[in-house]
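For reference, the structure is listed below as structure tokens.
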Amino acid sequence: MATHERQALVRVHGRVQGVWFRAWTLREARRLGLDGWVRNRRDGSVEALFAGSAEAVEAMLQLCQEGPERARVETVEVAESEKSPAPGFEQRPTA
218 MATHERQALV
228 RVHGRVQGVW
238 FRAWTLREAR
248 RLGLDGWVRN
258 RRDGSVEALF
268 AGSAEAVEAM
278 LQLCQEGPER
288 ARVETVEVAE
298 SEKSPAPGFE
308 QRPTA
């Protein structure tokens, strides 16, 4: 199991489904070397768990403020998490 400096559970609200937000998140999180996952929520939001160095998690949180080109992010809720994901970053089914 990987050791992470920071783990953040995130909910992104706005126009974030149907705009490639999950694929964008997957690509950016992997680029930053993060572990975790991303999924759509039935309420129209996107939820993700980012785990890694404090700097990489913070960088991903900043990226989520804008999202991919077609997204319109309204709010980003961030909660520190005790959950430690498996190594790698994956897309999960809608919850």
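Taking the working numbering, I'd label the letters of the sequence shown as residues 218 to 312. Idealized CB from N, CA, C, for every residue including glycine.
Query raised in the report: Apart from the five residues on each side of it in sequence, which residues of its chain come closer than 8 Å, Cβ to Cβ, to V295?
Result: A225, L226, V227 and L278
Query raised in the report: In terms of residue numbering, what span does the beta strand (DSSP E) encompassing A321 cover?
Result: Since the first and last residues shown for the chain are 218 and 312, residue 321 lies out of range.
Requested in this report: To the nearest angstrom, report how far apart F238 and P302 are at their CA atoms.
Outcome: 20 Å
Query raised in the report: For W254, does the three-state DSSP call read helix, strand or coil?
Result: strand
Requested in this report: Quick one: give me the first and last residue of the beta strand (DSSP E) that V227 is part of.
Outcome: R223 to R232
Query raised in the report: Where A246 and R232 are concerned, what is the direct C-alpha to C-alpha distance, given to the nearest angstrom?
Result: 20 Å
Query - Ranges of the beta strand (DSSP E) found wholly within the region 264 to 288, counting only runs of at least 3 - result: none
Query raised in the report: Based on the DSSP output, what are the partners of E307 in its beta bridges?
Result: W254
Query raised in the report: Would the beta-carbon of G261 fall within 8 Å of that of Q234?
Result: yes
**Report entry** Environment of G269 [buried if 16+ CB atoms lie within 10 Å]
**Finding:** buried
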